[in-house]
Amino acid sequence: MRNPRIVLAALFLMAMPAHGQLMGPSMNPEKGGTFMGGAGLAVVDNQTYFSINVQPEIAIGKIGVGLNVNLLYDVNTGHIRSKDWDESYDYLRLVRYIRYGFKGDPFYARIGAQDAARIGHGFIVNYYSNSPSYDERKIGLAFDLDLGTYGFETLTNNLGRAELLGARVYWRPLRMISSVPILKNLEQGVTYVTDIDPDGNRKTDDGVSAFGLDLGLPLLAFSSFRSMVYYDFAKIVDYGSGQAAGLALEVRLPANLAQLYARLERRWLGKRFEAGFFNAFYEVDRYNPATGFHKYDGLNQIQEETKGIFGELAGNVLGSIRLVGNFVRLDDHPRSGILHLGAEAPNAIPSIAAHASYEKSQVEKFKDLFVLDDRSIARVGLGYKIRPYLIAYVDYIWNFVYNSNTRRYETQERVEPRLSFVYSWK
Numbered sequence: 035m036r037n038p039r040i041v042l043a044a045l046f047l048m049a050m051p052a053h054g055q056l057m058g059p060s061m062n063p064e065k066g067g068t069f070m071g072g073a074g075l076a077v078v079d080n081q082t083y084f085s086i087n088v089q090p091e092i093a094i095g096k097i098g099v100g101l102n103v104n105l106l107y108d109v110n111t112g113h114i115r116s117k118d119w120d121e122s123y124d125y126l127r128l129v130r131y132i133r134y135g136f137k138g139d140p141f142y143a144r145i146g147a148q149d150a151a152r153i154g155h156g157f158i159v160n161y162y163s164n165s166p167s168y169d170e171r172k173i174g175l176a177f178d179l180d181l182g183t184y185g186f187e188t189l190t191n192n193l194g195r196a197e198l199l200g201a202r203v204y205w206r207p208l209r210m211i212s213s214v215p216i217l218k219n220l221e222q223g224v225t226y227v228t229d230i231d232p233d234g235n236r237k238t239d240d241g242v243s244a245f246g247l248d249l250g251l252p253l254l255a256f257s258s259f260r261s262m263v264y265y266d267f268a269k270i271v272d273y274g275s276g277q278a279a280g281l282a283l284e285v286r287l288p289a290n291l292a293q294l295y296a297r298l299e300r301r302w303l304g305k306r307f308e309a310g311f312f313n314a315f316y317e318v319d320r321y322n323p324a325t326g327f328h329k330y331d332g333l334n335q336i337q338e339e340t341k342g343i344f345g346e347l348a349g350n351v352l353g354s355i356r357l358v359g360n361f362v363r364l365d366d367h368p369r370s371g372i373l374h375l376g377a378e379a380p381n382a383i384p385s386i387a388a389h390a391s392y393e394k395s396q397v398e399k400f401k402d403l404f405v406l407d408d409r410s411i412a413r414v415g416l417g418y419k420i421r422p423y424l425i426a427y428v429d430y431i432w433n434f435v436y437n438s439n440t441r442r443y444e445t446q447e448r449v450e451p452r453l454s455f456v457y458s459w460k
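Per the numbering used here, the sequence shown starts with residue 35, numbered consecutively.
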């Protein structure tokens, strides 16, 4: 049986807050582009295919275009999977997205795939994706406008069929009446998000909605350092509500030495409430046709109010080593701590690409973070660049199992080879 403390703590992690007006270290290219892809085996409906995927992303100034070409070859017949190309809409979906600007700019628009989309500080919509699989990709739209005194953010997951719709309207009430540098930037926001048809049947009434109120106050705003305090309240209609308050910091060292982003957030989550309800897995979890189970049905299983601390760290060093991490721990649940750390260095060492991650659950004390046991999983991937665009990877995965004979935790190791390719240009 799952440890209930871990389940409760996982509810915190399912809604890693987004960056609000503090964008954090951006991974978006400002010019040039990238060409990524890979090859391997895929199983679809119990049929094995050889898969080739290429995802060129081109960015010129504020304009960006992302493509996605996914070819599945039947290993028995050698034919391309026909379902991928049996409608004209399939060819239109080769274009993943077209965007102008970046999230947080005064003007931002993105049509097509919505990756890691959020609204506000991410307390309701956080890291949402409208394309959980290649066959189920949708053409969505995000459109934001900041006019100084007021502005708005909008998101829809499917322009072809009204499903998930969200909007946040915000204003800075002191901008016109105060000359105080900090107070004049006080921001108030109202958010409303609804999924009007989770099961895809217009004849049923199974929609779910959420609304929220928020405050944000930038404290310092320099080119090398920014900070903000914020507060969020959210309510899932007919279910529970929650609150969060936090401090966010961003540091950018000169000459691209380092960019670091950190936040510390206090959360108060009520019964039948999930922070970041519309998250990265929402399109998968919203409705299960086999069981008739909606995601919001799971809210009834949350019968305990929780409060605790959430922390997040992200950044990059020398423009080549990317870092990400988060930690959550609930009050009155001493073994509820969950840690995630990750790092990626695709170009730090010539001819070598590397990535690593470390997961730890049931953390009680600080020293537990460094003890390798059955609550720990570590992964390291090393890749050799056969060509600048072709990388042979080997992933090493360690987990730890208790041996009753030796009374010690012993390492279990798995090795996963793979081949990928990536090409960048300026």
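Backbone N, C-alpha and C define an ideal beta-carbon position, used for all residues, glycine too. This structure is a prediction, so every number in the text was calculated from the model and none was measured.
Counterpart residues of residue 222 in DSSP-defined beta bridges: 205, 249
Mind checking which residues open and close the beta strand (DSSP E) that includes residue 318? No beta strand (DSSP E) contains residue 318, which is instead part of the alpha helix (DSSP H) from 316-319.
Of the listed residues 224, 395, 186, nearest to residue 267 (C-alpha basis): 224
When you compare each of 413, 372, 384 to residue 394 by their alpha carbons, which one comes out closest? 372
Where do the ends of the beta strand (DSSP E) carrying residue 271 lie? Note, residue 271: premise wrong, no beta strand (DSSP E); not H, not E.
With DSSP as the reference, identify every bridge partner of residue 299, one or two as the case may be. 280, 344
Span separating the alpha-carbon of residue 286 from that of residue 78: 44 Å
Start and end of the beta strand (DSSP E) containing residue 406? First-last for residue 406: undefined, no H or E at that position.
DSSP beta-bridge partners of residue 261: 254, 283
For the region 145-156 and the region 103-118, state whether three or more C-beta atom pairs, one from each stretch, are separated by less than 8 Å. no
By how many angstroms is the C-alpha of residue 310 removed from the C-alpha of residue 299? 14 Å
Going by DSSP, which residues form a beta bridge with residue 353? The partner list for residue 353 (beta bridge, DSSP) is empty, contrary to what the question assumes.
Are three or more beta carbon pairs between the region 89-109 and the region 128-137 nearer than 8 Å? yes
Pull up the distance between the alpha-carbon of residue 248 and that of residue 398, whole angstroms please. 32 Å
Would you mind sorting residue 158 into buried or exposed? The rule is 16 or more other CB atoms within 10 Å of its CB. buried
Could you tell me which of 146, 251, 263, 313 sits nearest to residue 227, measuring between CA atoms? 313
According to DSSP, residues forming a beta bridge with residue 378: 356, 389
Residue 134 vs residue 172 beta-carbon contact at 8 Å: no
Can you tell me which of 199, 198, 217, 194 puts its alpha carbon nearest to the alpha carbon of residue 205? 217
Smallest Cα separation from residue 250: which of 279, 190, 240? 279
Three-state secondary structure (DSSP) of residue 193: coil
Residues bridged to residue 173 [DSSP beta-bridge criterion]: Per DSSP, none; premise fails for residue 173.
Backbone CA spacing between residue 229 and residue 418 [nearest angstrom]: 45 Å
Return helix, strand or coil for residue 42, following the three-state DSSP convention. Interpretation of residue 42 is limited by its pLDDT of 45, a score under 50 that renders its predicted location unreliable; the figure taken from the coordinates is listed afterwards. Three-state DSSP puts residue 42 in a helix.
Helix, strand or coil, according to DSSP, for residue 370 in the structure here? coil
For residue 178, list the residues DSSP reports as bridge partners. 142, 187
Can you tell me whether residue 94 is buried or exposed? The criterion is at least 16 other CB atoms within 10 Å of its CB, across all chains shown. exposed
Spatial neighbours of residue 358 within its chain, please: CB distance less than 6 Å, with the 5 preceding and 5 following residues excluded, ordered by chain position. 348, 376
Nearest CA to the CA of residue 196: which residue from 294, 177, 232? 232
Proximity winner among 421, 319, 391, 454, relative to residue 333 (alpha-carbon distances): 319
Contact check, residue 341 vs residue 302, beta carbons under 8 Å: yes
Through-space distance from residue 179 to residue 144, alpha-carbon basis: 12 Å
Cβ shell of residue 355 (< 8 Å), same chain only, five flanking positions each side left out: 377, 378, 379, 382
Ordered along the chain, which non-local residues of its own chain (more than five positions away) have a Cβ less than 6 Å from that of residue 431? 413, 448
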